[in-house]
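K.L.:
This structure is in structure tokens; I'll ask about it shortly.
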Amino acid sequence: MKRLLLIISTVLAFTSCSSSFLKEYSQDLSRVTSFTDLDELMVGSGFLGIGLVANADSYIQIYNTNYLPVHFMSDELDENLTPATDPDQSLNYRKLMYPYFTWQQSLFLDYQQKDAYDDTEKSYWNLSYNHIATCNMILTEAKKLTAKDEDEKALANKVNGEAHFMRALYYYVLVNLYAKPYAPSKVASTPGVPVKITEYIEDKDYVRNSVKEVYDQIVSDLTEAEESLKDLHSPESIKRVGINAVYLFRSRVALYMQDWTTAKKYAMLSLGENDKLQQLVGADKDVFPLSNTNVENVFSVGGTTLGNILFLNPGGDYYGTPYSPVWKISSHLYSLYGDNDARKTTFFQTKYGEGKEPSYHKIDNSEKSLGLYKSVSDQFLFRSAEAYLNAAEACAHLGEDQNAVKYITTLRQYRVKDDVAINLTGETLVKFIRQERERELCLEGLRWYDMRRYAVDEKYPEVEKVEHSFTTYANINNEYVPQNTDYYELSTDDGGMVLNIPKAVKDFQNSIGSNERPLRKVVRSKG
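Quick note: the sequence shown uses the numbering used here, first residue 1296, plus one each step.
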């Protein structure tokens, strides 16, 4: 039997230092003499690397996984148990995701509790701090330059705006992975992550800034980005930051802060820039909503890898060999869509596969697309549909139920055939909007963050429970045979919604401390 081997690699080289936020950026500063140089540096080192899944003979090779674990920690994916799968095709990768998929206390240990993933664990921490260091250097160097004419002044604003925007994005990721969610009554005393906005090494013991201080920095950066990019309404591509990206991101951040007035304000500003929606009702079933032709696109960075990891259908085959991916679309997620919801056939497909189980279809994840860079991200994508959802949620929390219904109805007109009128108010309306957000933004890297913030919502808290399974296999006569399936349960209020500080980071500088992530035990097993 021909087997697929999965190799995880990354184009971005992480430094050996476990705490990359301590490091100076190593770029030869003598080569930076203009805003053009800084713009090129922004493109080359300020943005996330583009994710890519390539098919190389019998290998599937993944470059730049970026923050892929966010897809595996939420309730959007299940382990594929039926039909039984041969995990050899994805065995190494499957092991790497185990501690995230089952919410383990120690993310550097595999399912046999062996110290195996130290480099992987710290890479997610280092990834943002490496790029933050680049942004810090760009902003410092930009202050030393003077624009000679209007064209240079526009480029200077672009460089400053993008550096501030991206630094805000990296701190947004860090604080939402390595700190508890923003709870207004506790935010000033809740440990966040270290904030470093200088380009030079500071000889000191680092401690974590509070969650409030981290969000204050994010808001400050977005305020600077808004001022710098206020006249940039049409960037050259969705891979460059314009004013609409700032508006939409500012709206999202305000939602997390439960600042509903600000969330509404910036969502409306975003819709003022682009209120277009892609018509999915009646669309061809082979349309891929996450593409560079979508009229909703605002900004995207980092590319996609998840869609190609799930590129085969449960019960399907690969080059004539029976194959099922080790993960599948969760039954919870798929059950949210009615038969008249066009997203059920454009986001997923059931064309092939035993039992007609749904497979991922939001991007072009066909076999022929392996090895092709994707033009949009499945982790860092901003599009107009989110602006409608942000506006609806903010209005509902502000008691503006009619406005909330207006925004959500507009979105659903492009998604649901013969939709019935929405006659909901108060908490029931908020929960409906949350479900609509889950339906619309699924597998775009936002669900984990949303689950976190819902649990600490001061007006309408919502605690959810998720169950994931993990199966062990034995190699018998060169075939992997299922042995035991363990089940793990997460409650979004049990402390598991925050990752522990990476072991290597704590070992390098223990002043940073750790998070109190609970020990995750097996709740039941099936042999």
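Using N, Cα and C, we set each Cβ at its ideal position, and we do this for glycine too.
So, do the region 1403–1418 and the region 1785–1803 have three or more beta carbon pairs nearer to each other than 8 Å?
P.N.:
yes
K.L.:
Along the chain, where does the alpha helix (DSSP H) that runs through Phe-1330 open and close?
P.N.:
1330–1336
K.L.:
May I ask you to report which of helix, strand or coil DSSP gives Ala-1769?
P.N.:
strand
K.L.:
Distance check for Asp-1745 and Glu-1568, CA to CA, integer angstroms please.
P.N.:
25 Å
K.L.:
Taking its Cβ as the centre, do 16 or more other Cβ atoms sit within 10 Å of Asn-1452, making it buried, or is it exposed?
P.N.:
Under this definition Asn-1452 is a buried residue.
K.L.:
Over the uninterrupted alpha helix (DSSP H) stretch that includes Arg-1819, give me the two end residues.
P.N.:
Not the alpha helix (DSSP H): Arg-1819 falls in the beta strand (DSSP E), residues 1819–1821.
K.L.:
Whole angstroms are fine: how far does the CA of Ile-1496 sit from the CA of Glu-1784?
P.N.:
In this model, Glu-1784 and Ile-1496 are separated by some 42 Å (Cα to Cα).
K.L.:
When you compare each of Pro-1777, Ser-1329, Tyr-1465, Ile-1807 to Asp-1444 by their alpha carbons, which one comes out closest?
P.N.:
Ser-1329
K.L.:
Taking 6 Å as the limit between beta carbons, can you name the residues of its chain near Leu-1543, skipping five residues before and five after?
P.N.:
Only residues of its own chain outside the window of five on either side were considered, and among them Ser-1565, Val-1593, Phe-1677, Ala-1682 have a CB closer than 6 Å to the CB of Leu-1543, listed in chain order.
K.L.:
Determine the burial state of Gln-1730: buried for a count of at least 16 other Cβ atoms within 10 Å of its Cβ, exposed for fewer.
P.N.:
exposed
K.L.:
Does DSSP put His-1528 in a helix, a strand or coil?
P.N.:
coil
K.L.:
Does DSSP classify Pro-1486 as helix, strand or coil?
P.N.:
strand
K.L.:
Counting C-beta neighbours from all protein chains within 10 Å, is the total for Glu-1649 16 or more, i.e. buried, or is it exposed?
P.N.:
In this prediction, Glu-1649 has a pLDDT of 47, which is less than 50 and means its spatial position is unreliable; what the coordinates show is noted afterwards. The residue is exposed, with fewer than 16 neighbouring Cβ atoms inside 10 Å.
K.L.:
Starting from Ile-1624, trace the beta strand (DSSP E) both ways and give me its first and last residue.
P.N.:
1622–1624
K.L.:
Considering only the alpha carbon of each residue, which of Leu-1376, Asn-1375, His-1366 lies closest to Pro-1394?
P.N.:
His-1366
K.L.:
Cα separation between Tyr-1629 and Pro-1653?
P.N.:
Roughly 8 Å separates the two Cα atoms.
K.L.:
Taking Arg-1638 as the reference, which of Glu-1335, Asn-1504, Thr-1599, Tyr-1709 has the closest Cα?
P.N.:
Among Glu-1335, Asn-1504, Thr-1599, Tyr-1709, the Cα nearest to that of Arg-1638 is on Tyr-1709.
K.L.:
By a C-beta neighbour count over all protein chains shown, 10 Å radius and 16 as the cutoff for buried, is Thr-1599 buried or exposed?
P.N.:
buried
K.L.:
Out of Leu-1706, Asn-1455, Pro-1364, Thr-1767, point me to the one whose CA is closest to Glu-1335's CA.
P.N.:
Asn-1455
K.L.:
Please give the ranges of any beta strand (DSSP E) in the region 1636–1709, keeping only runs that are unbroken, at least 3 residues long and fully inside the region.
P.N.:
1676–1678
K.L.:
Using the Cβ count rule (16 or more neighbours within 10 Å means buried), how would you classify Gln-1697?
P.N.:
It is exposed - the Cβ of Gln-1697 has fewer than 16 other Cβ atoms within 10 Å.
K.L.:
Quick one: using the 10 Å Cβ neighbour count with 16 as the cut-off for buried, is Leu-1684 buried or exposed?
P.N.:
buried
K.L.:
Hey, how far is the Cα of Gln-1408 from the Cα of Gln-1400?
P.N.:
11 Å
K.L.:
With H, G and I counted as helix, E and B as strand and the rest as coil, what does DSSP make of Lys-1726?
P.N.:
helix
K.L.:
Can you tell me whether Lys-1821 is buried or exposed? The criterion is at least 16 other CB atoms within 10 Å of its CB, across all chains shown.
P.N.:
Flag for Lys-1821 reads exposed.
K.L.:
To the nearest whole angstrom, what separates the beta carbons of Phe-1583 and Lys-1657, a pair I think is in contact under 8 Å?
P.N.:
7 Å
K.L.:
Per DSSP, what are the beta-bridge partners of Ser-1505 in this structure?
P.N.:
Pro-1486
K.L.:
When DSSP builds the beta bridges, which residues end up paired with Asn-1592?
P.N.:
Arg-1678
K.L.:
Can you grab the Cα-Cα spacing for the pair Gly-1694 / Arg-1748, in whole Å?
P.N.:
Arg-1748 has its alpha-carbon roughly 19 Å from the corresponding atom of Gly-1694.
K.L.:
Leaving aside the five residues before and after Asp-1405 along the sequence, list all residues of the same chain whose C-beta is less than 7 Å from its C-beta, in chain order.
P.N.:
Lys-1390, Tyr-1393, Ala-1411, Tyr-1412
K.L.:
Measure the CB-CB distance between Leu-1469 and Val-1482 and report whether it falls below 7 Å.
P.N.:
no
K.L.:
If you run the structure through DSSP and keep just helix, strand and coil, what is Val-1761?
P.N.:
The three-state reading of DSSP puts Val-1761 in strand, counting E and B together.
K.L.:
Looking at the structure shown, is Thr-1360 part of a helix, part of a strand, or coil, going by DSSP?
P.N.:
coil
K.L.:
Quick one: complete alpha helix (DSSP H) runs, 4+ long, within the region 1390–1477?
P.N.:
1413–1438, 1445–1472
K.L.:
Restricting to Cα atoms, I'd like to know which of Gln-1778, Val-1761, Thr-1441 is closest to Ala-1769.
P.N.:
When each option's Cα is compared against that of Ala-1769, the closest is Gln-1778.
K.L.:
Measuring straight from C-alpha to C-alpha, what distance separates Gly-1740 and Val-1509?
P.N.:
A direct Cα-Cα distance of roughly 21 Å separates Gly-1740 from Val-1509.
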